[in-house]
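To start, the structure itself, in structure tokens.
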Amino acid sequence: MNIEIAVSRPTSFVARALPRVAAVTAATVVLVLVSGLLLRPLGAALACASWPMCAFVGSPGAWVDLAHRAVVVLVGVLLAAVAAASWVVRAPAPARVYSLLALVFAASDVLIGAVLVRAALPPADVTMHGLLGVLTLASSVAAALALRSTDSGRVMQEMIGAYVALTKPRVISLLLFTTLAGMFVTPRGAPPWYLVLWTLLGGYMMAGAANAVNMWYDSDIDDKMGRTKLRPIPSGRVTPRRALVFGLTMFALSLLIFVLFVNIAAAALAVIGFVYYTVIYTHWLKRSTWQNIVIGGGAGAIPPMIGWAAGSGSITWAAMLLFLIVFYWTPPHFWALALMKKRDYAAAGVPMLPVVAGDVETSRQIVIYSVGMFAISLALVPLGVMGWIYLIGATALGGLFIYYAWRAQRDPVPKRIWGLYGYSLLYLALLFVVMMIDRLVLI
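Going from the sequence shown to the working numbering is simple: count from 1 and add 64.
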């Protein structure tokens, strides 16, 4: 009996302390990533001439590199401790698996880092190094969450889900795709993968910041609309103040990413998009005029320009045409949804076109903007930006879009309108796919 007590007490102590140690470990992994991200802009990448110790070569950046390695050692010890303790105390299976994965990813990352230093590879070749660091962080966070008690773990997961919902990830996915396409269709062709990763990360955070601020501002009307009453703020999962702080923090981090790891042109466009959506659309236009979507749609049209600027370092007339395509696509896409949700908008006092002018005029405007969008999309060909592959694809896709719009106007039943709305999402994605195929095949 005495032996059992002597053994169980230390084990019990480890079990109680393990969730906190795992949380500290995940936070320390963040320090590793941040210090690693700073190596390149501070001129410290490869400043140490050897590995694992640092043979100083007269560069102040060697101290930064050495500090990064010191934090890596600390993280390695913590990850090993968490993984071992998870098995000793027989933690839940997910926690053991995640902690072991985090240790494996970290060890692999250290190995790749050693190869990078010894082979003196340029900073552009660190994509896998950074990816393994992100996987280490994700696994360590998952392990920390899995080690919490059932109730607190569930609360934590719900809280994380609520803040993710503030960013509107489903909406952002299409914006990020147009950003990606904008990077690939520049005259320079396919960009380096590390630039793609930084641009998409910064783009997600900037768009997510704008969406969070939008939800903060609209929290007084979201609970009046069936489409929005389950959002984090009206449902009570996130307070308005915390949503605002979250959005502004995301904005600051995104701007830092764009400035340090992309370029100033892309950073400026990202800020313009944020202000356009949160101030021009949300604050000035949305509740005051039926032109809210027409003018405010420019915010959603900026991502392909960001991609172009990130990939080429400049803004050209071709980038403006990408902007105009999405600009003209937004009204027919959103008005189709507004036709189905006009009672919600009327109840919330938002003057969407179907509420102000009725279904007939809205359907007519949808057809007009669809034709304008189709014409602008074809203008990329005579200007020499796109070739014959794009011409065929854009003609087919745009012609089908006009058909869906015309059919919804002639027979404005919910089935037709939802068909137009669904195809509008598919249209924009496929159009930019065709752009990338045309550029990569004919370059």
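Each residue gets a CB set at the ideal place from its N, CA and C atoms; glycine is no exception.
Please state if the CB of residue j and the CB of residue i are separated by a distance shorter than 8 Å.
i, j, result
"Phe322", "Ala330", "yes"
"Ser434", "Ala469", "yes"
"Met279", "Ile297", "yes"
"Ile370", "Ala334", "yes"
"Thr380", "Ala274", "no"
"Ala400", "Ile359", "no"
"Leu259", "Ala383", "no"
"Ala363", "Leu201", "no"
"Ala170", "Val146", "no"
"Pro418", "Lys406", "yes"
"Leu264", "Thr243", "yes"
"Leu319", "Ala493", "no"
"Arg503", "Phe325", "no"
"Phe398", "Phe438", "no"
"Gly311", "Val277", "yes"
"Met404", "Trp482", "yes"
Using alpha carbons as the reference points, say which of the options lies closest to residue i.
i, options, result
"Val414", "Met499, Tyr345, Leu201, Leu167", "Tyr345"
"Ser172", "Arg503, Val136, Arg160", "Val136"
"Tyr162", "Gly225, Ala206, Thr231", "Ala206"
"Ala159", "Val505, Asp284, Leu211", "Leu211"
"Tyr340", "Gly197, Pro367, Ala157, Arg428", "Pro367"
"Met223", "Leu385, Arg295, Leu490", "Arg295"
"Trp262", "Val309, Leu195, Thr231", "Leu195"
"Pro233", "Ser204, Tyr268, Asp286", "Tyr268"
"Ala148", "Met499, Ala86, Gly272, Arg428", "Ala86"
"Lys327", "Gly225, Ser376, Leu130", "At residue 327 the sequence reads Asn, which differs from the Lys that was named. Answer by Cα proximity: Ser376."
"Gly462", "Val198, Ile432, Ala144", "Ile432"
"Ala79", "Val445, Leu444, Gly100, Ala155", "Ala155"
What's the C-alpha gap between residue i and residue j?
i, j, result
"Asn356", "Leu349", "5 Å"
"Ala166", "Arg351", "48 Å"
"Ala208", "Ala178", "28 Å"
"Phe391", "Leu82", "52 Å"
"Met314", "Val302", "16 Å"
"Pro153", "Val88", "Per the sequence presented here, residue 153 reads as Val, with Pro not at that position. Distance between the alpha carbons of Val153 and Val88: 19 Å."
"Thr394", "Gly361", "6 Å"
"Tyr227", "Ala134", "33 Å"
"Gly448", "Leu455", "11 Å"
"Ala157", "Val168", "17 Å"
"Val309", "Gly451", "46 Å"
"Phe496", "Asp284", "36 Å"
"Met416", "Thr426", "10 Å"
"Lys479", "Ala421", "21 Å"
"Pro304", "Asp286", "12 Å"
"Asp215", "His347", "With a pLDDT of 48 at Asp215, under the threshold of 50, the predicted position of this residue should be treated as unreliable, and no value is reported."
For residue i, does the count of other Cβ atoms within 10 angstroms reach 16, so buried, or fall short, so exposed?
i, result
"Tyr281", "buried"
"Val477", "exposed"
"Ala229", "buried"
"Met65", "With a pLDDT of only 42 at Met65, under 50, the local geometry of the prediction cannot be trusted, and the value read off the model is given with reservation. Exposed: under 16 other Cβ atoms inside 10 Å."
"Pro256", "exposed"
"Lys293", "exposed"
"Trp151", "exposed"
"Pro251", "exposed"
"Ala245", "buried"
"Ala307", "buried"
"Leu142", "buried"
"Phe77", "exposed"
"Gly266", "buried"
"Leu389", "The sequence given here places Ile at residue 389; Leu does not occur at that position. Looking at its Cβ environment, which holds 16 or more other Cβ atoms inside 10 Å, Ile389 is buried."
"Ser488", "buried"
"Ile176", "buried"
"Tyr508", "In the structure displayed, the chain extends from 65 to 507; residue 508 sits before or after that span and is not available."
Consider the C-beta atom of residue i and the heavy atoms of the ligand HEM; say whether any pair is separated by less than 7 Å.
i, result
"Val390", "As for the ligand HEM, it is missing from this structure, which has no ligand bound."
Give a yes or no on whether the minimum CB-CB distance between residue i and chain D is below 8 Å.
i, result
"Leu333", "As a matter of chain content, chain D is missing from the structure shown, which is built from one protein chain."
Legend entry - Contained beta strand (DSSP E) runs [length at least 3] in the stretch 382 to 413, N- to C-terminal order: none
Inset, instruction - Please specify which runs of the beta strand (DSSP E), each continuous and at least 3 residues long, are wholly inside the stretch 338 to 378, giving them in chain order. - result: none
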